[in-house]
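All remarks here apply to the structure that follows.
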Amino acid sequence: MPRTARYAPGGLIYHAMNRAVARLPLFRKQAHYAAFERVIEEAHQRVPLDILAYCVMPNHWHFVLRPRSGSQLTDFLRWLAHTHTMRWHAHFHTAGTGHLYQGRFKAFPLEDDEHFYTVARYVERNALRASLVERAEEWHWSSLWRRVSGDAKSRALLAPWPLPYPRAWLELVNTPQTEAELDAVRKAIRRGSPLGGEQWKKRIAKRLRLESTLRPRGRPTKSQEQ
Numbered sequence: 553m554p555r556t557a558r559y560a561p562g563g564l565i566y567h568a569m570n571r572a573v574a575r576l577p578l579f580r581k582q583a584h585y586a587a588f589e590r591v592i593e594e595a596h597q598r599v600p601l602d603i604l605a606y607c608v609m610p611n612h613w614h615f616v617l618r619p620r621s622g623s624q625l626t627d628f629l630r631w632l633a634h635t636h637t638m639r640w641h642a643h644f645h646t647a648g649t650g651h652l653y654q655g656r657f658k659a660f661p662l663e664d665d666e667h668f669y670t671v672a673r674y675v676e677r678n679a680l681r682a683s684l685v686e687r688a689e690e691w692h693w694s695s696l697w698r699r700v701s702g703d704a705k706s707r708a709l710l711a712p713w714p715l716p717y718p719r720a721w722l723e724l725v726n727t728p729q730t731e732a733e734l735d736a737v738r739k740a741i742r743r744g745s746p747l748g749g750e751q752w753k754k755r756i757a758k759r760l761r762l763e764s765t766l767r768p769r770g771r772p773t774k775s776q777e778q
């Protein structure tokens, strides 16, 4: 039985990612990345949600997206992964050998304040953090490269940001983030929990039925039980 669409109301911003099975390489050469970016463009034509940031890595990818309606997040990412899987197997003549991705994409909502900058920065410096380039804007397969070096058609894939684009953004992206920032983003990815101010997190968690993602894991202590 197919899964129901993830409840992701339009207007909110989400970080989403997916990874290859067993972290095997999805992209081995430039042509593979270019083919995947064509799938991104096709997916966007079918489901025109706002693409705010993205980065395609050797065995996974990240997006920061703002759907305009409740089904767009799932529709876009499901079509993207399914189409890429079919074309990947057709290219490598591996149809019927199993899944390409670990499973359903992971996603969490984020507040459109400084937390948006934190997540966009996390996404756009991914290749630099992995030591694939010396500067983040050199990684061709990302929104940062499109914004800095792409032509008008290439940049048209990207939507305007919900906050002012910082003049010093390149310097910020090329500056390491704090451990606290990295831990916060990675925890949100791992648990699917909202990322933002405390009151915003509680409100959005209740709205999206994500309260469990904010609770500590493991058995509650006696003080928590009382």
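Here the sequence shown is numbered in my numbering, starting from 553 and rising by one per residue.
For every residue, glycine included, the Cβ atom is placed at its ideal position computed from N, Cα and C.
**OP:** Taking Leu617 as the reference, give the member of Thr730, Pro600, Met638, Trp631 with the closest Cα.
**Re:** Pro600
**OP:** Measure the alpha-carbon distance for Asp784 versus Ala586 and round it to whole angstroms.
**Re:** Residue 784 lies beyond the range of the chain shown here (553 to 778); nothing can be said about it.
Original post:
Are there three or more Cβ pairs, one per stretch, closer than 8 Å when the segment 596-610 is compared with the segment 690-698?
Top reply: yes
**OP:** Specify, as a first and last residue, the run of the beta strand (DSSP E) that Trp613 falls within.
**Re:** 612-618
Original post:
Between His567 and Val675, is the Cβ-Cβ spacing less than 9 Å?
Top reply: yes
**OP:** Leaving out five residues on either side along the sequence, give the residues of the same chain with a beta carbon under 6 Å from the beta carbon of Ala595.
**Re:** Phe628, Trp631, Leu632
**OP:** Express the C-alpha separation of Lys739 and Leu528 in angstroms, rounding to a whole number.
**Re:** One cannot answer for residue 528 here, as it falls past the ends of the chain, which runs 553 to 778.
**OP:** Give the straight-line distance between the Cα atoms of Arg571 and Ala708, rounded to the nearest whole angstrom.
**Re:** 26 Å
Subject >> Beta-carbon spacing of Leu747, Ala560 below 9 Å >> reply: The beta carbons of Leu747 and Ala560 sit no closer together than 9 Å.
**OP:** Assign Lys753 to buried or exposed, taking buried as 16 or more other Cβ atoms, counted over all protein chains shown, within 10 Å of its Cβ.
**Re:** buried
Subject >> Within the segment 561-605, ranges of the beta strand (DSSP E) (whole runs, at least 3 residues) >> reply: Segments of the beta strand (DSSP E) lying fully in the segment 561-605: 565-571.
Subject >> Segments of 4+ residues assigned as alpha helix (DSSP H) that fall wholly inside the segment 700-754 >> reply: 704-707, 721-725, 731-743
Original post:
Cα separation between Ser745 and Ser706?
Top reply: 32 Å
Original post:
Are the beta-carbon atoms of Asp602 and Pro619 separated by less than 9 Å?
Top reply: yes
Original post:
Which one or two residues does DSSP pair with Pro768 in a beta bridge?
Top reply: None; Pro768 has no bridge partner.
**OP:** Within its chain, find whatever has a CB closer than 6 Å to the CB of Leu680; leave out the 5 residues flanking it on each side and keep chain order.
**Re:** Ala688
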